[in-house]
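Undergrad: Counted from 1, the sequence shown has number 336 at position 298 by this note's numbering; the numbering is strictly sequential.
Positions of the beta carbon are idealized from the N, C-alpha and C atoms, including for glycine.
Computed from a predicted model, the values in this text were never measured in an experiment.
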Amino acid sequence: MTPVLWRANWRSLRRHPWQIALALLGIALGVAVVVAIDLANSSANRAFTVATESVTGRATHRIIGGPDGLPEEIYLRLRLNHGIFPSAPVVEGSIYLPDNNDQPLRLLGIDPFAEPPFRDYSSGTGTDPKVDIPALLTKPGAVILEQATAQRLGLQQGDQFAIRVGAHHAQLTVTSTFQGEGLAQEGLANVLIADIATAQETLGLLGKLSHIDLILSTGEAGVAQQEQLKKHLPPETELIEADARSRAVTEMTHAFQLNLTALSFLALLIGSFIVYNTVTFLWLQRRRLIGLLRALGVARKQIFLLLLAEALGFGVVGSVAGVFLGIGLGEFLLGLVSQTFNDLYFAVQVRDVSPSMESLTKGLVLGLGATLAATVVPAREATHTPPGTALHRSSLEHQARRWSKRAALTGGGVLITGVLVLLLPSKSIGLGFVSLTALQIGCALLVPTLGTLLLILAQPLLRRSFGILGQLATRGIVASLSRTGVAMAALTLAISATVGIGIMIDSFRLSVSQWLTTTLQADLYVSIPGANSDPAHSSLDLSLMERITATPGVTAISTTRWVRIEDKDGLTNMVAFAPVPQSLAGFQFTSGNPEKAWQAFAHEGAVLVSEPYAYHHQLSPGSSLRLRTDQGQQSFLVAGVYLSYGSDRGVVTIHRDTYQRYWSDDGVSGIGIYADPDVDLEILRQTLLKRVNSNQQIQIRTNRSIRELSLQIFDRSFAITEVVRLLAGLVAFAGIFSALMALQLERTREFGILRAMGLLPRQLRGLVTGQTGLIGLVCGLLALPLGLLSALGLIYVINRRSFGWSMGFTISPEILLQGILLAVTAAVLAGIYPAWRMAHTPPAEGLREE
Numbered sequence: 039m040t041p042v043l044w045r046a047n048w049r050s051l052r053r054h055p056w057q058i059a060l061a062l063l064g065i066a067l068g069v070a071v072v073v074a075i076d077l078a079n080s081s082a083n084r085a086f087t088v089a090t091e092s093v094t095g096r097a098t099h100r101i102i103g104g105p106d107g108l109p110e111e112i113y114l115r116l117r118l119n120h121g122i123f124p125s126a127p128v129v130e131g132s133i134y135l136p137d138n139n140d141q142p143l144r145l146l147g148i149d150p151f152a153e154p155p156f157r158d159y160s161s162g163t164g165t166d167p168k169v170d171i172p173a174l175l176t177k178p179g180a181v182i183l184e185q186a187t188a189q190r191l192g193l194q195q196g197d198q199f200a201i202r203v204g205a206h207h208a209q210l211t212v213t214s215t216f217q218g219e220g221l222a223q224e225g226l227a228n229v230l231i232a233d234i235a236t237a238q239e240t241l242g243l244l245g246k247l248s249h250i251d252l253i254l255s256t257g258e259a260g261v262a263q264q265e266q267l268k269k270h271l272p273p274e275t276e277l278i279e280a281d282a283r284s285r286a287v288t289e290m291t292h293a294f295q296l297n298l299t300a301l302s303f304l305a306l307l308i309g310s311f312i313v314y315n316t317v318t319f320l321w322l323q324r325r326r327l328i329g330l331l332r333a334l335g336v337a338r339k340q341i342f343l344l345l346l347a348e349a350l351g352f353g354v355v356g357s358v359a360g361v362f363l364g365i366g367l368g369e370f371l372l373g374l375v376s377q378t379f380n381d382l383y384f385a386v387q388v389r390d391v392s393p394s395m396e397s398l399t400k401g402l403v404l405g406l407g408a409t410l411a412a413t414v415v416p417a418r419e420a421t422h423t424p425p426g427t428a429l430h431r432s433s434l435e436h437q438a439r440r441w442s443k444r445a446a447l448t449g450g451g452v453l454i455t456g457v458l459v460l461l462l463p464s465k466s467i468g469l470g471f472v473s474l475t476a477l478q479i480g481c482a483l484l485v486p487t488l489g490t491l492l493l494i495l496a497q498p499l500l501r502r503s504f505g506i507l508g509q510l511a512t513r514g515i516v517a518s519l520s521r522t523g524v525a526m527a528a529l530t531l532a533i534s535a536t537v538g539i540g541i542m543i544d545s546f547r548l549s550v551s552q553w554l555t556t557t558l559q560a561d562l563y564v565s566i567p568g569a570n571s572d573p574a575h576s577s578l579d580l581s582l583m584e585r586i587t588a589t590p591g592v593t594a595i596s597t598t599r600w601v602r603i604e605d606k607d608g609l610t611n612m613v614a615f616a617p618v619p620q621s622l623a624g625f626q627f628t629s630g631n632p633e634k635a636w637q638a639f640a641h642e643g644a645v646l647v648s649e650p651y652a653y654h655h656q657l658s659p660g661s662s663l664r665l666r667t668d669q670g671q672q673s674f675l676v677a678g679v680y681l682s683y684g685s686d687r688g689v690v691t692i693h694r695d696t697y698q699r700y701w702s703d704d705g706v707s708g709i710g711i712y713a714d715p716d717v718d719l720e721i722l723r724q725t726l727l728k729r730v731n732s733n734q735q736i737q738i739r740t741n742r743s744i745r746e747l748s749l750q751i752f753d754r755s756f757a758i759t760e761v762v763r764l765l766a767g768l769v770a771f772a773g774i775f776s777a778l779m780a781l782q783l784e785r786t787r788e789f790g791i792l793r794a795m796g797l798l799p800r801q802l803r804g805l806v807t808g809q810t811g812l813i814g815l816v817c818g819l820l821a822l823p824l825g826l827l828s829a830l831g832l833i834y835v836i837n838r839r840s841f842g843w844s845m846g847f848t849i850s851p852e853i854l855l856q857g858i859l860l861a862v863t864a865a866v867l868a869g870i871y872p873a874w875r876m877a878h879t880p881p882a883e884g885l886r887e888e
């Protein structure tokens with residue numbers, strides 16, 4: 039391309055700085071949302087992985103036991119009788135700092151003499167003094183911790199501090215600190231290290247180990263070593279890979295992170311519409327220049343490459359800006375992501391975003407790709423338009439109307455294809471999102487034609503209501519379809535996403551609320567703070583049951599024991615339930631006969647599984663479920679499947695008698711209290727708190743307070759979804775503002791003529807504002823059916839495939855009305871400046887030819 043062509047193009051571009059700035063903003067916001075979500079997800083995952091690997095060290099395998107741990111005699115027997123080296127015993131569990139807002143920490147019990155092959159932090163690093171091993175072994179409650187952690191907690195060598203383990207309190211003493219380096223410092227940021235005996239005493243695991251770490255050979259020698267080792271293991275144990283737990287926990291968050299990523303792509307898709315709109319506008323503004331250049335002999339290829347190079351420049355600048363903006367936005371979203379992880383999955387503390395080249399490169403590539411993809415169609419249109427046609431606006435609008443018809447036919451085909459693919463019997467989450475995206479794109483392609491039809495139908499009513507100005511408003515939008523079509527599609531897409539996600543969240547929340555009302559049959563619930571994060575080490579004093587039962591006003595109690603069964607395939611959440619007749623109504627069966635299911639559950643050793651667990655493991659009533667017990671692998675009959683939103687990985691419910699038959703664990707995690715109908719629950723709660731007062735820290739809550747707390751956690755979990763949805767709306771606002779600016783600039787001459795014919799500035803402002811409001815209203819109305827379709831896809835396909843939940847579909851008129859108001863408000867706000875500018879443009883300037 040010649041320098042003359044570049045200069046001519048550059049001079050034309052400089053006359054539209056606002057349009058270019060809005061295009062860059064659209065690209066930057068779309069890329070920023072994608073990068074921010076990716077950084078927040080990867081930073082949370084990295085923090086968990088680093089913490090896990092720092093504790094795992096160089097271990098390749100580990101021997102695990104049941105919910106209550108592993109008898110330490112197994113370690114002694116393996117090491118002394120069978121010579122299993124290297125091997126190291128480990129005791130670990132969660133503790134809390136009551137003087138520091140109950141901050142959770144991890145207590146890791148080790149044997150310092152067996153540690154060197156596995157982990158090297160116990161001997162100090164760098165110039166720091168050696169860890170005081172004798173003090174660690176002999177001083178009661180002695181712990182060591184990383185220096186940065188000690189400074190953050192305000193602890194120094196020799197300090198004593200209070201901790202809470204489950205419902206019990208204890209004192210620990212800092213005997214040494216060590217300087218971690220690199221990832222070790224980050225991974226051990228919330229870990230206290232103690233001798234095995236100290237950890238056992240503190241965590242209430244006397245004579246027990248959490249697991250035994252091993253370093254086994256690789257290859258065929260390693261396989262033979264594993265087979266030989268298994269021969270020496272008792273039935274209550276299992277040999278697994280050291281990173282099996284980390285993989286299982288990471289897999290838990292996969293669906294949640296995938297849903298966030300897909301939502302972030304929506305913002306990028308809307309940003310692509312803005313780029314398309316901008317490139318089309320710039321071409322329309324330069325159609326005379328392009329027509330003259332073509333008439334003078336400039337080849338189509340040169341014009342095409344010029345527009346692509348121009349878009350590439352926009353893409354580079356917008357994507358780079360979006361990457362930097364995404365890093366800052368990621369800092370904000372990281373708190374929301376980590377909060378959700380803590381509420382639903384695992385305890386993780388992430389303080390800073392960790393920018394990775396993979397995330398930043400992904401943002402750049404997606405930004406450039408979306409920009410170039412959005413540019414190809416208008417660039418091709420510009421190069422294939424005959425020079426004579428390019429000099430006349432009427433021919434361009436005629437082409438736009440023909441294009442809208444073709445787009446409507448294509449959109450209808452894409453929409454039908456998306457719906458059919460959504461209905462396919464598949465468990466693929468990715469395929470579900472692809473088909474849902476196809477559905478949205480198909481509807482977006484229908485918007486220009488449907489919007490035009492609505493405006494034509496509304497013309498008589500607007501003429502009768504607002505006179506000639508009402509008719510001018512509708513005709514102006516229809517006559518400028520080349521400008522308004524894409525803007526309407528972008529706004530409709532954004533509003534439909536807002537409506538669809540809003541209906542999905544509202545339906546989900548209502549389903550959860552109804553489930554809680556049905557499930558929480560007891561009047562009061564006794565539990566230990568933080569028991570969900572470490573259920574194996576959270577057991578109530580068994581004498582509490584007798585004292586509660588003897589309290590006046592209490593008619594019955596039920597008990598639960600929450601445990602996690604670990605094996606080579608991952609983690610299984612299980613609850614041992616001792617029901618009373620009143621508690622049976624809390625189960626809503628989705629599969630199986632309730633009467634037969636309860637009979638098999640109570641007398642035949644069968645289990646009940648929650649709906650997500652049944653979905654992920656392909657189980658149904660009559661299926662057989664194998665679980666690792668203290669007596670080895672055992673098969674259990676599945677008697678029924680029940681509705682539950684407590685865990686997206688699902689829960690196995692077993693009768694307490696059956697549980698104690700196969701597991702040597704008599705602990706109780708929670709107690710449900712059923713009161714007399716005429717008892718004041720708050721008075722009874724206070725009486726129980728005084729009556730059961732013991733050395734344990736327990737909490738007694740009403741079912742109402744538990745329901746309110748659960749819904750608060752639900753709202754926190756969807757807070758990040760609301761933020762991303764808001765950002766997508768902001769991108770759409772930039773798009774509609776860009777389109778309206780372009781439209782008003784295109785119609786400068788038309789407005790000049792109207793002013794010259796006597797139209798007052800306030801009338802012109804009313805005309806422009808009315809047009810923008812009309813565009814918003816049409817987009818809001820068209821967004822409702824698309825939003826409802828999206829909500830159906832999210833509820834019955836995406837959520838089902840991601841988490842295994844089923845839920846009701848609830849249409850809230852408030853959300854529909856909010857969608858329409860949002861569309862009209864966004865359009866009217868976007869039209870304020872163009873209206874003001876057109877009203878203050880002198881008629882002579884508007885009539886002046888270029």
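Opposite PRO632 in the DSSP bridges: which residues?
TA: Paired residues: none, contrary to the question.
Undergrad: My understanding is that GLU110 touches LYS246, with C-beta atoms under 8 Å, so please give their C-beta distance in whole angstroms.
TA: Confirmed, Cβ separation roughly 7 Å.
Undergrad: Within 10 angstroms of its Cβ, does ALA623 collect 16 or more other Cβ (buried), or is it exposed?
TA: ALA623 comes out exposed.
Undergrad: Decide if the segment 136 to 150 is in contact with the segment 227 to 237; the criterion is three or more beta carbon pairs, one per stretch, under 8 Å apart.
TA: Counting Cβ pairs under 8 Å, three or more are found: they touch.
Undergrad: Would you check if the distance between the CB atom of THR299 and the CB atom of ILE479 is smaller than 9 Å?
TA: Against a cut-off of 9 Å, the Cβ pair of ILE479 and THR299 comes out as no contact.
Undergrad: Are VAL689 and VAL613 touching if we call contact CB-CB under 9 Å?
TA: Yes; because the gap between Cβ atoms is below 9 Å, this pair is in contact.
Undergrad: Could you pull out every residue in the same chain whose Cβ sits closer than 8 Å to the Cβ of SER310, ignoring the five residues on either side in sequence?
TA: The answer, listed in chain order, is GLY68, ALA408, THR409, ALA411 and ALA412.
Undergrad: Sort GLN238, LEU822 and TYR134 by Cα distance to LEU859 and report the nearest one.
TA: The option with the nearest alpha carbon to LEU859 is LEU822.
Undergrad: Check this for me: beta carbons of LEU77 and GLY356, under 9 Å apart or not?
TA: Contact: no.
Undergrad: Using 9 Å as the threshold, is the C-beta distance between ILE603 and ARG666 below it?
TA: Yes.
Undergrad: Taking 8 Å as the threshold, find out whether the segment 233 to 242 comes into contact with the segment 115 to 135 through three or more Cβ pairs.
TA: Taking 8 Å as the limit for Cβ pairs, the verdict is that the segment 115 to 135 does touch the segment 233 to 242.
Undergrad: Would the beta-carbon of GLY684 fall within 9 Å of that of LEU646?
TA: Their beta carbons are not under 9 Å apart, which means GLY684 does not touch LEU646 by this criterion.
Undergrad: Here's a check: name, in chain order, each residue in its chain whose Cβ is nearer than 6 Å to the Cβ of LEU374, leaving out the five neighbours to either side.
TA: Closer than 6 Å at Cβ, skipping near neighbours: ALA757 and ILE758.
Undergrad: Give a yes or no on whether the C-beta atoms belonging to ARG599 and SER621 are separated by under 9 Å.
TA: Result no, Cβ atoms of ARG599 and SER621 do not sit closer than 9 Å.
Undergrad: Within the chosen definition, does the segment 540 to 559 reach the segment 739 to 754 through at least 3 CB pairs nearer than 8 Å?
TA: At 8 Å Cβ cutoff, the stretches touch.
Undergrad: For the segment 191 to 206 against the segment 240 to 259, do three or more pairs of beta-carbon atoms, one drawn from each stretch, fall closer than 8 Å, so that the two count as touching?
TA: Touching, yes, given that three or more Cβ pairs across the two stretches are closer than 8 Å.
Undergrad: If you draw a straight line from the C-alpha of LEU499 to the C-alpha of THR512, how long is it?
TA: One C-alpha to the other measures close to 11 Å.
Undergrad: Beta-carbon within less than 7 Å of THR589's beta-carbon, same chain only, minus the 5 sequence neighbours each way: which residues are those?
TA: The residues are THR725, LEU726 and ARG729.
Undergrad: With a 10 Å radius around its C-beta and 16 neighbouring C-beta atoms as the bar for buried, classify PHE352 as buried or exposed.
TA: Result: buried.
Undergrad: Let me confirm a value: HIS5 is counted as buried when at least 16 other C-beta atoms fall within 10 Å, else exposed. Which label applies?
TA: Residue 5 is absent from the structure shown; the chain starts at 39 and stops at 888.
Undergrad: Leaving out five residues before and five after SER629 in sequence, what residues of the same chain have Cβ atoms less than 8 Å from its Cβ?
TA: Cβ within range, chain order: ALA652, SER658, PRO659, GLY678 and VAL679.
Undergrad: Verify whether the separation of the beta carbon atoms of LEU474 and SER844 is less than 9 Å.
TA: Result no, Cβ atoms of LEU474 and SER844 do not sit closer than 9 Å.
Undergrad: Using DSSP with H/G/I as helix, E/B as strand and the rest coil, what is VAL459?
TA: Helix at VAL459.
Undergrad: My guess is that LEU483 and ALA445 are in contact by the Cβ rule of under 8 Å, so how many angstroms apart are they, rounded?
TA: Right, the Cβ-Cβ distance comes to about 4 Å (below 8 Å), so this counts as a contact.
Undergrad: Look at VAL761 and PHE370 and say whether their C-beta atoms are less than 9 Å apart.
TA: In this structure, PHE370 lies closer than 9 Å to VAL761 by Cβ.
Undergrad: Out of ILE328, SER755 and TYR697, state which residue places its alpha-carbon closest to the alpha-carbon of TRP44.
TA: Ranking the options by Cα distance to TRP44, first place goes to ILE328.
Undergrad: Please confirm if the segment 77 to 94 is in contact with the segment 258 to 270, defined as three or more CB-CB distances below 8 Å between the two stretches.
TA: Not touching, per the Cβ criterion.
Undergrad: Are the Cβ atoms of VAL73 and LEU363 separated by less than 9 Å?
TA: Their beta carbons are under 9 Å apart, which means VAL73 touches LEU363 by this criterion.
Undergrad: Tell me the DSSP secondary structure of HIS207 in three-state form.
TA: In the structure shown, HIS207 sits in a strand (DSSP, three-state: E or B).
Undergrad: For GLY818, does the count of other Cβ atoms within 10 angstroms reach 16, so buried, or fall short, so exposed?
TA: With 16 or more other Cβ atoms within 10 Å, it is buried.
Undergrad: From which residue to which residue does the alpha helix (DSSP H) around ARG729 run?
TA: Note, ARG729: alpha helix (DSSP H), 719 to 729.
Undergrad: Pull up the distance between the alpha-carbon of SER161 and that of VAL169, whole angstroms please.
TA: Unreliable placement is indicated for SER161, whose pLDDT of 44 sits below 50; the coordinate value is still reported in the next sentence. Roughly 5 Å separates the two Cα atoms.
Undergrad: Reducing DSSP to helix, strand and coil, say where ILE101 ends up.
TA: Note: ILE101 maps to strand in three-state DSSP.
Undergrad: Distance, Cα to Cα, THR879 vs GLY869?
TA: Whole-angstrom Cα-Cα distance: 15 Å.
Undergrad: Would you kindly check if the distance between the Cβ of THR597 and the Cβ of ILE709 is under 9 Å?
TA: Yes, these two residues count as a Cβ contact at 9 Å.
Undergrad: Using a threshold of 9 Å, state whether the C-beta atoms of LEU554 and LEU820 are closer than that.
TA: No, these two residues do not count as a Cβ contact at 9 Å.
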